[in-house]
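A.B. asks: This is the structure I want to talk about, given as C-alpha cells.
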Amino acid sequence: MIDPKLLRQSTAQVATNLARRGFEFDGDAYLVLEERRKALQVETESLRSERNSNAKNIGKAKAQGEDIEPLLAAVKDLGDKLESRESALQEVQTALNDIELGLPNLLADDVPVGNSESDNTEVRRWGEPTEPGFTARDHIDLGESLGMLDFESASRISGARFSVMHGPLARLQRALIQFMLDTHTAEHGYQEVYVPYLVQAPALVGTGQLPKFEEDLFQTKSETPYYLIPTAEVPVTNLARDAILEADQLPSRFVAHTPCFRSEAGSYGQDTRGMIRQHQFEKVELVQFVEPGKSADALEELTGHAEVILQRLELPYRVVTLCSGDIGFGATKTYDIEVWLPGQQRYREISSCSNYNDYQARRMQARWRNPSTGRPELLHTLNGSGVAAGRALIAIMENYQEEDGSIRVPAVLQPYMGGLTKLSRG
RNA sequence: GGAGAGAUGGCUGAGUGGUCGAAAGCGCUCCCCUGCUAAGGGAGUAAGGGCUAAUACCCCUUCGAGGGUUCGAAUCCCUCUCUCUCCGCCA
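Per the numbering used here: the first sequence = residues 121 to 546.
Written out as C-alpha cells, the structure reads:
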C-alpha cells in the first residue's frame, strides 16, 4: 500500500509515477472521496466526543443523586445522528481502502521505463552460454529418455502442468534444495524457517496477492477457506505481521524451502510442455526485513546471494532489471536472474529479487522501533528466489548434458548425491 | 471429535455498568541520593487514526474478533477465533 498521506498530499506525483507502469490512477476521483472522508470523520469524531462528555456528565449527576432526566433528553437524538454519520464514514473508508489496496507500488527512480519483457535492461552476465559441441536437447527429451521424468503419469494423476520425477532426478532436486538451504544459512546469514503451505486471505492481502490476483491462486473448499501458497514469500514475510522489531533485530533474514502452487490462469499456450511452468514447483525463498533506507543496498546483496547459487552450480546467467511494464505489482524494483537454457537457446527466469520498501509492511503493520525517534515505524521487506528448484533442475539437465543423453552432476551437489557423478539410463 | 478453563499494556496480574486507556508489581527510560557495589527516593513509560507546519496541543478508536443492549460497556447478551488442561483419535 502506498502511504495514504502521500496519496492525498502528492496525488499528482503518485499518478505520474504509476503511469510509468501503464497504471491509470484517477487522482481527482480519489481526492473527492478523500474530502468526503475528512469531513465525515471530523464530524463523526466530534459527535462521539459530545456523546462521551454527555455520558460522563450523566454519570456524575447520577453519582450525586441528581435528576438525570433532562440530561437524557438533551442527548436523545445524538445517537441516531452519530449512527448515520458512522455508517457514511464507514462506507467512504471502505471505498478508499479498496482503491488503496488496488494500487501498485511506486517505482524506484532507476527502474527503466518500458512495456514488456523486451524492455528489461541487462545489468551483468556471468559465464558463457554453454556450447556442448552437439545439438543440445531440452530437459523434456533428456528426462524422458533417461526414464526419470514422467509427464504421462503426472497427467494421469493430476492433469496438465504437473510432473513426476523418478530416482536420481528426484534426488537431484532434493540435493539442490539442501545445497541452497545450507549455503544461505551457513554463508549468507539466513535463518531457516518452516512455514504453513496453506494460508488465509489476510496473509495474502499483506503481501499483495489479494485482493487483485485471486485467479492465480488455488483455494480450498474447506469450511474456513485456505489458499495454497504461490510462494514462500507469503508465509515468511507475514512473520513480521503486527510485529514491532527492535533495531538490533534488523536486518532479519529468513530462508525457507516450500512447494509453490500457482493456477497459472492466463498462461495457456505458454510453456505448456515440460517443467518450466507448472501448477506445483519447489522453491527456496529468501526474505529480509530491513531498516528503511537500507533496502536498496539489501536488494543488491540479496540478489548476490541468489547469484552465488548459480555460480557454485556453474550455470551461466544474466541479471536484468525489470522495466516498468514487466515489474510485479508490489515491487518498487526487481532484478530477475535468468539462467541459460541450451535446449531453448535463451536465458530464462530462475529467480526474481524484489524490494517492496514499505508497501507490504504497511499492509501487514510490520514495524521496527526507530531508536532515533523512539517510535514504531514501518520497516522494509524484500524477497527473492534463491533459487527456483524446478527451473534450476532444468538448467542443470540442459547445461550438464552429454552427447549420449546422460547428465553430469555438478561438483557441489555430488556430496548430496552420495557421490554420484552422473545420471544415466539403466 | 467430547468435557472444562481462559484471552486485559513489554511481562505478571487486578478490575462485573459511569470520572477506567485501565490498580499493583516487574521490566525499561530519565532525575536525585549514595566512596564503589547493593539498596533507596521521585518522575515517566501502549498502539492506530484525525486535525496540524509539527514526532506540540486537542480529539477519536482499541481490554482476542465481530455483532447487540445502554445516555454510557474491559464489565451484560449473542456469534466466532485462538490458547491451555483432560479424554478420544492420529503422524
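Note that beta-carbon positions come from the ideal geometry of N, C-alpha and C, so glycine has one too.
Please state whether DSSP places residue 327 in a helix, a strand or coil.
C.D. replies: Correct three-state label for residue 327: helix.
A.B. asks: Taking residue 382 as the reference, which of 503, 336, 150, 326 has the closest Cα?
C.D. replies: Considering only alpha carbons, the answer is 336.
A.B. asks: Hey, how far is the Cα of residue 262 from the Cα of residue 289?
C.D. replies: Going from the Cα of residue 262 to the Cα of residue 289 covers about 11 Å.
A.B. asks: Let me confirm a value: residue 329 is counted as buried when at least 16 other C-beta atoms fall within 10 Å, else exposed. Which label applies?
C.D. replies: Looking at its Cβ environment, which holds 16 or more other Cβ atoms inside 10 Å, residue 329 is buried.
A.B. asks: Please state the DSSP three-state secondary structure of residue 403.
C.D. replies: Three-state result, residue 403: strand.
A.B. asks: Is it true that the CB of residue 503 sits closer than 8 Å to the CB of residue 471?
C.D. replies: Cβ distance not < 8 Å, so residue 471 and residue 503 don't count as in contact.
A.B. asks: Out of curiosity, what's the CA-to-CA distance linking residue 494 and residue 304?
C.D. replies: About 32 Å.
A.B. asks: Opposite residue 311 in the DSSP bridges: which residues?
C.D. replies: BP columns for residue 311 point to 374.
A.B. asks: By how many angstroms is the C-alpha of residue 216 removed from the C-alpha of residue 483?
C.D. replies: So the two alpha carbons sit approximately 14 Å from each other.
A.B. asks: Below 8 Å on the Cβ atoms is my guess for residue 310 versus residue 374; work out the distance and round it to an integer in Å.
C.D. replies: With 8 Å as the limit, residue 310 and residue 374 qualify as a contact, their Cβ atoms being about 6 Å apart.
A.B. asks: For the 8 Å Cβ check, are there 3 or more pairs between the stretch 453-469 and the stretch 425-441?
C.D. replies: Contact between the stretch 453-469 and the stretch 425-441 is present, because at least three Cβ pairs lie under 8 Å.
A.B. asks: With the cut-off set at 8 Å, would you say residue 543 and residue 292 are in Cβ contact?
C.D. replies: For residue 543 and residue 292, yes; Cβs fall inside 8 Å.
A.B. asks: Does the distance from the CB of residue 346 to the CB of residue 324 come in under 8 Å?
C.D. replies: It is not a contact, given that the beta carbons lie outside the stated cut-off.
A.B. asks: Please classify residue 516: is it buried, with 16 or more other beta-carbons within 10 angstroms of its beta-carbon, or exposed?
C.D. replies: By the 10 Å Cβ count, residue 516 comes out buried.
A.B. asks: Along the beta strand (DSSP E) that carries residue 241, what are the first and last residues, could you check?
C.D. replies: First-last of the beta strand (DSSP E) with residue 241: 241-246.
A.B. asks: What are the start and end residues of the beta strand (DSSP E) that includes residue 447?
C.D. replies: Element bounds for residue 447: n/a, residue is neither H nor E.
A.B. asks: Which two residues bound the contiguous beta strand (DSSP E) that contains residue 507?
C.D. replies: From DSSP, the beta strand (DSSP E) with residue 507 extends over 500-508.
A.B. asks: Taking the alpha carbon of residue 426 as the reference point, which residue from 540, 297, 414, 186 has its own alpha carbon closest?
C.D. replies: When only C-alpha atoms are compared, the closest one is 297.
A.B. asks: In three-state terms, what does DSSP make of residue 543?
C.D. replies: Residue state, collapsed to three classes: strand.
A.B. asks: Quick check: the Cα distance between residue 481 and residue 361, rounded to an integer number of angstroms?
C.D. replies: Cα-Cα distance, rounded: 8 Å.
A.B. asks: Alpha carbon to alpha carbon, how far is residue 122 from residue 248?
C.D. replies: Roughly 41 Å separates the two Cα atoms.
A.B. asks: Just mark residue 254 as buried or exposed, buried being the case when its beta carbon has 16 or more other beta carbons within 10 Å.
C.D. replies: Its Cβ having fewer than 16 others within 10 Å, residue 254 is exposed.
A.B. asks: Does the beta-carbon of residue 476, which I'm using as the reference point, lie nearer than 7 Å to any heavy atom of the ligand FAD?
C.D. replies: Ligands are entirely absent from the displayed structure, and the ligand FAD is therefore not among its contents.
A.B. asks: Looking at the unbroken beta strand (DSSP E) that takes in residue 461, where does it start and where does it end?
C.D. replies: Taken as a continuous stretch (DSSP letters only), the beta strand (DSSP E) holding residue 461 covers 453-461.
A.B. asks: Which of the three DSSP states, helix, strand or coil, is assigned to residue 441?
C.D. replies: If DSSP states are grouped into helix, strand and coil, residue 441 belongs with the strands.
A.B. asks: Taking three-plus beta-carbon pairs below 8 Å as touching, is the stretch 272-284 in contact with the stretch 396-411?
C.D. replies: The stretch 272-284 vs the stretch 396-411: in contact.
A.B. asks: Pull up the distance between the alpha-carbon of residue 539 and that of residue 533, whole angstroms please.
C.D. replies: Their Cα atoms are separated by approximately 9 Å.
A.B. asks: On the three-state DSSP scale, how would you describe residue 480?
C.D. replies: Looking at residue 480 - three-state DSSP - the assignment turns out to be helix.
A.B. asks: Are residue 545 and residue 266 close, meaning C-beta to C-beta below 8 Å?
C.D. replies: Yes, these two residues count as a Cβ contact at 8 Å.
A.B. asks: Does DSSP put residue 521 in a helix, a strand or coil?
C.D. replies: Strand.
A.B. asks: Specify the secondary structure class of residue 225 as computed by DSSP and reduced to three states.
C.D. replies: Looking at residue 225 - three-state DSSP - the assignment turns out to be coil, as it is neither helix nor strand.
A.B. asks: If we ignore side chains and look at the alpha-carbon of each, how far apart do residue 276 and residue 236 end up?
C.D. replies: Residue 276 and residue 236: Cα-Cα distance of roughly 36 Å.
A.B. asks: Closer than 8 Å is the cut-off here; do at least three beta carbon pairs connect the stretch 217-229 with the stretch 161-171?
C.D. replies: Not touching, per the Cβ criterion.
A.B. asks: In angstroms, rounded to a whole number, what distance separates the CA positions of residue 433 and residue 450?
C.D. replies: Computed Cα separation, rounded: 30 Å.
A.B. asks: Would DSSP call residue 272 helix, strand or coil?
C.D. replies: Three-state DSSP puts residue 272 in a helix.
A.B. asks: What does the alpha-carbon distance come out to for the pair residue 234 and residue 137?
C.D. replies: Going by the C-alpha atoms only, they are around 13 Å apart.
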